[in-house]
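As given, the protein sequences belong to chains F and W, one line each in that order.
Add 2 to a position in the first sequence, counting from 1, and you land on the number used in the numbering used here.
Add 647 to a position in the second sequence, counting from 1, and you land on the number used in the numbering used here.
Glycine residues also receive a C-beta, built at the ideal position from the N, C-alpha and C atoms.
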Amino acid sequence: MLKTRIIPCLDVADGRVVKGVNFVDLVDAGDPVESARAYDAAGADELCFLDIHATHENRGTMYDLATRTAEQCFMPLTIGGGVRTVDDVRALLLAGADKVSFNSSAVADPDVVARAADRFGSQCIVVAIDAKTVAPGKWEIFTHGGRKPTGIDAVEFAGTVAAKGAGEILLTSMDRDGTRAGFNLPLTRAIADAVPIPVIASGGVGTLDHLVEGVTEGHASAVLAASIFHFGDYAIAEAKAHMAKAGIPMRLS
Amino acid sequence: MRIGIVDYGIGNLGSLRRALTLMRFDAQFVTEPAALDSVDRIILPGVGNFADCAASLRLAGWDEGLRQAVSENGKPLLGICVGMQLLASHSTEGNDADRSPHGLGFIPGHVRHLRQEGSAERAPHVGWNSVEPSPSAGAIFAGIPEGTDFYFVHSYVFRPDDATHVVAQTRYGAPLPVAVRRGRVFGTQFHPEKSSRAGMRLLRNFAETPWD
Numbered sequence: 003m004l005k006t007r008i009i010p011c012l013d014v015a016d017g018r019v020v021k022g023v024n025f026v027d028l029v030d031a032g033d034p035v036e037s038a039r040a041y042d043a044a045g046a047d048e049l050c051f052l053d054i055h056a057t058h059e060n061r062g063t064m065y066d067l068a069t070r071t072a073e074q075c076f077m078p079l080t081i082g083g084g085v086r087t088v089d090d091v092r093a094l095l096l097a098g099a100d101k102v103s104f105n106s107s108a109v110a111d112p113d114v115v116a117r118a119a120d121r122f123g124s125q126c127i128v129v130a131i132d133a134k135t136v137a138p139g140k141w142e143i144f145t146h147g148g149r150k151p152t153g154i155d156a157v158e159f160a161g162t163v164a165a166k167g168a169g170e171i172l173l174t175s176m177d178r179d180g181t182r183a184g185f186n187l188p189l190t191r192a193i194a195d196a197v198p199i200p201v202i203a204s205g206g207v208g209t210l211d212h213l214v215e216g217v218t219e220g221h222a223s224a225v226l227a228a229s230i231f232h233f234g235d236y237a238i239a240e241a242k243a244h245m246a247k248a249g250i251p252m253r254l255s
Numbered sequence: 648m649r650i651g652i653v654d655y656g657i658g659n660l661g662s663l664r665r666a667l668t669l670m671r672f673d674a675q676f677v678t679e680p681a682a683l684d685s686v687d688r689i690i691l692p693g694v695g696n697f698a699d700c701a702a703s704l705r706l707a708g709w710d711e712g713l714r715q716a717v718s719e720n721g722k723p724l725l726g727i728c729v730g731m732q733l734l735a736s737h738s739t740e741g742n743d744a745d746r747s748p749h750g751l752g753f754i755p756g757h758v759r760h761l762r763q764e765g766s767a768e769r770a771p772h773v774g775w776n777s778v779e780p781s782p783s784a785g786a787i788f789a790g791i792p793e794g795t796d797f798y799f800v801h802s803y804v805f806r807p808d809d810a811t812h813v814v815a816q817t818r819y820g821a822p823l824p825v826a827v828r829r830g831r832v833f834g835t836q837f838h839p840e841k842s843s844r845a846g847m848r849l850l851r852n853f854a855e856t857p858w859d
């Protein structure tokens, strides 16, 4: 039986994990390479690395950091942030990513998803969608870190990128991100039910029950969280045990 | 024991080499078919599109080089993910005029989409799924308990014509063949190099077992 994945997310800015990390066994708490090593040892199912201040100038440094992070992972690694072209995807795959995540650029040009999927296969193309509630049961895509409204309906867009060949959707609720109030479950469910590809729920996790709800009520295939793991509130194994107890199939090692 | 990882320009092979190196195997990238002579065992990775991978293999003469290494020199071969699918005779993926849908044909059989295999689940099949080795699986699964989770990410499935060539299955909407063997030729649909300890063990089994 396929297991539900728990994916810690490293938000990286200027070579450092932001939102903070608080593992006791880290030599350097804000170093993505150290964090990757710790999450690999802790039994995370995948790791997500997002360059949140991606600029053209820092690409070289980012690739180097991505490579060093990948070296610590015997689990799959998704890298995103500032990915615009098929060549960006290629460079990140060569740097050590197993999957590459498009964000704003896929909104501007959904065909870039088709080009990348055709070249490298759907299995390594993730589309990150940042959505905000604009009316009950209506969610709009926002880009540029949630600052720029696009007028595009999130559910419709999810269907579009799935049809273009995206292999997964990483769905972040901008209303919930950082609030620790739990996933936006109606949004998560609306998108998970609308597309034939896996959906990773993100944004708002504050408790282990939130992780459970993302799957049972949000119909997500995987749950992503940052703060609750970085700050050491919960260990990966603890989260897995909690979800398993709630009847969700988990990989327990 | 020298392990050659076939590098035919299809992407990131670093994690595979790291996994082998960590276990103290002499693992190296093989960048031309002639260099297969200098390795004892061969790993054929593959990501993305079957037809593209097959075309890349043919372009540089890897198909003939691998055939020679396997059939004439008896070198054990392990295909991973699309590398496993390439062992097949034929695929329905990317089946258009410009792209060759034929595989290496080391294990007769066909590669089809999950839907054609009767799985109605979300595609691609992404994540950790439990693997059930068949009783005939033998040493490739030595030390790996039944039902151990391995990491998958694929939309297509290789089903050998001869069911005895299937050495492990998983369930994802339907029973799917996920590991194959014919003589010294092996394949896994899952990624051992991304599958933590169990994956390491399988790579070690492949590298160390004196295959008949």
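Just how far apart, CA to CA, sit G846/W and G661/W? 15 Å
Going by C-alpha distance, which of E855/W, G790/W, A826/W is nearest V729/W? A826/W
Given this structure, state the Cα-to-Cα distance separating A707/W from L713/W, to the nearest angstrom. 11 Å
What are the partner residues of H812/W, as DSSP defines its beta bridges? Per DSSP, none; premise fails for H812/W.
Pick out whichever of A666/W, I650/W, P822/W, V653/W has its Cα sitting closest to the Cα of R848/W. Selected option, being the one with the closest Cα: A666/W.
Which residue wins for smallest C-alpha separation from S255/F, given the options P807/W, D808/W, F797/W, T835/W? F797/W
Cβ separation of L172/F and V128/F, assumed to be a contact under 8 Å, to the nearest whole Å: 5 Å
Using a Cβ cut-off of 9 Å, which residues of the segment 45-59 of chain F contact any Cβ in chain W, in chain order? G45, D47, E48
Closer than 8 Å is the cut-off here; do at least three beta carbon pairs connect the segment 231-240 of chain F with the segment 650-658 of chain W? Short answer: they don't touch.
Does A38/F get closer than 8 Å to chain W when you measure Cβ to Cβ? no
8 Å Cβ cutoff met for A133/F and S175/F: yes
Looking only at its own chain, which residues have a Cβ that is under 8 Å from the Cβ of V114/F, when we skip the five neighbours before and after it? R86, T87, V88, F104, S107, A108
Paired residues, beta bridge with Y798/W - DSSP: The partner list for Y798/W (beta bridge, DSSP) reads W775/W.
Looking only at its chain, what residues have a beta carbon closer than 8 Å to the beta carbon of T152/F, apart from the 5 residues adjacent to it on each side? V109, E142, I143, F144, T145
Show which residues of chain W have a CB atom less than 7 Å away from the CB atom of G123/F. Near G123/F (Cβ distances below 7 Å), the residues of chain W are V694, G695, N696.
If the cut-off is 8 Å on Cβ atoms, which residues from the segment 772-790 of chain W count as contacting chain F, listed in chain order? H772, V773, G774, W775, N776, S777
Within chain W, partners of D16/F - CB distance below 7 Å: Residues of chain W with a Cβ closer than 7 Å to the Cβ of D16/F do not exist; the shortest Cβ-Cβ separation is about 25 Å.
Range of the contiguous alpha helix (DSSP H) that encloses Q675/W: Segment 673-677 is the beta strand (DSSP E) holding Q675/W; no alpha helix (DSSP H) there.
Among N852/W, S685/W, Q763/W, S777/W, which has the Cα closest to the Cα of G790/W? N852/W
Out of A698/W, V773/W, P839/W, S718/W, which has the shortest C-alpha to C-alpha gap to R831/W? S718/W
Terminal residues of the beta strand (DSSP E) in which V136/F lies: V136/F -> beta strand (DSSP E) spans 127-137.
Which class does V26/F belong to by DSSP, given the choice of helix, strand or coil? Unreliable placement is indicated for V26/F, whose pLDDT of 45 sits below 50; no coordinate value is reported for it.
Cβ of I199/F within 8 Å of any chain W Cβ: Among the residues facing chain W, I199/F is included, as its CB has a counterpart in that chain under 8 Å away.
Mind pulling the chain W residues with CB within less than 9 Å of S223/F? R769, V773, G774
Does the beta-carbon of Q763/W have 16 or more other beta-carbons within 10 angstroms, so that it is buried, or is it exposed? exposed
If you drop the 5 nearest sequence neighbours on each side, which residues of the same chain put their C-beta closer than 6 Å to that of R828/W? V814
Minimum C-alpha distance to G82/F - residue among E158/F, D100/F, R121/F, G32/F: D100/F
Rounded to the nearest angstrom, what separates I193/F and N696/W at their Cα positions? 27 Å
Beta carbon of A698/W nearer than 8 Å to that of S738/W: yes
Measuring from the CB of Y819/W, is there a heavy atom of the ligand GDP at a distance below 7 Å? Ligands in the displayed structure: none, and consequently the ligand GDP is not present.
So, with DSSP's three-state summary, where would you put C700/W? Shown here, C700/W sits in a helix according to DSSP, grouped into three states.
For K247/F, is the classification buried or exposed, using 16 other Cβ atoms within 10 angstroms of its Cβ as the cut-off for buried? exposed
Reference D195/F, options C75/F, E219/F, G206/F, G249/F, closest by Cα: E219/F
For a minimum of 4 consecutive residues, which ranges assigned as the alpha helix (DSSP H) are wholly contained in the segment 46-117 of chain F? DSSP runs (the alpha helix (DSSP H)) wholly in the segment 46-117 of chain F: 61-72, 88-97, 106-110.
Using a C-beta to C-beta distance shorter than 9 Å, which residues of chain W count as neighbours of G7/F? The residue asked about is misnamed: residue 7/F is Arg in this sequence, not Gly. Per Cβ cutoff of 9 Å: V773, G774, W775.
Counted within 10 angstroms of its Cβ, other Cβ atoms place N186/F as buried (16 or more) or exposed: buried
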